[in-house]
Amino acid sequence: MLNYGKQIKTWIRSQHLICDGTDFLFETVDQTQLEKFELCIESMGGKVRAVKAVGNWPMGPNRSFKILRAIASVPRPGGEQFVTYWAKKGSQQTRYSEIHS
1116 MLNYGKQIKT WIRSQHLICD GTDFLFETVD QTQLEKFELC IESMGGKVRA VKAVGNWPMG
1176 PNRSFKILRA IASVPRPGGE QFVTYWAKKG SQQTRYSEIH S
């Protein structure tokens, strides 16, 4: 069973997950992590509103991975604790921000 609170905090510290207003923005190159994020949001009573490719992450001269961004509203009640955690330990940009900006 996935401990969604612990996982969300891990993503915040690793700069995969940031807050933007009333939204969570999650970026990854791993489809399974995207699916875990969706499960975490749903377990808190929320829903992922959109998923889109926002760029490519280079992995050598002829190889790259798509950067996927999921947007979800911060679930209320329950999500406020993660917004507070992000404000203390998170970043304003995701780890992939420089690549796709």
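In our numbering, the protein residues as written are 1116 to 1216.
Idealized CB from N, CA, C, for every residue including glycine.
Keep in mind the model is a prediction, meaning the values are calculated, not measured.
In three-state terms, what does DSSP make of residue i?
i, result
"Gly1120", "helix"
"Val1198", "helix"
"Arg1164", "strand"
Starting from residue i, trace the alpha helix (DSSP H) both ways and give me its first and last residue.
i, result
"Thr1147", "1146-1158"
Let me confirm a value: residue i is counted as buried when at least 16 other C-beta atoms fall within 10 Å, else exposed. Which label applies?
i, result
"Gly1170", "buried"
"Phe1180", "exposed"
"Ala1165", "exposed"
"Gly1136", "exposed"
"Ala1202", "exposed"
"Ala1168", "exposed"
"Thr1209", "buried"
"Gly1205", "buried"
Counting along the chain, where does the beta strand (DSSP E) carrying residue i start and finish?
i, result
"Arg1184", "1179-1188"
"Thr1143", "1138-1143"
For residue i, tell me which candidate among the options has the shortest Cα-Cα distance.
i, options, result
"Met1159", "Gly1175, Thr1147, Asp1145, Phe1139", "Phe1139"
"Arg1184", "Ser1206, Asn1177, Cys1155, Gln1146", "Gln1146"
"Thr1199", "Ala1165, Ile1133, Arg1178, Lys1151", "Ile1133"
"Tyr1211", "His1131, Trp1126, Gln1148", "His1131"
"Thr1143", "Tyr1119, Ile1186, Glu1157, Lys1121", "Ile1186"
"Gly1075", "Ser1206, Trp1172, Glu1157", "Residue 1075 falls outside the range modelled here, since the chain spans only 1116 to 1216, and no answer is possible."
Going by DSSP, which residues form a beta bridge with residue i?
i, result
"Trp1172", "Phe1180"
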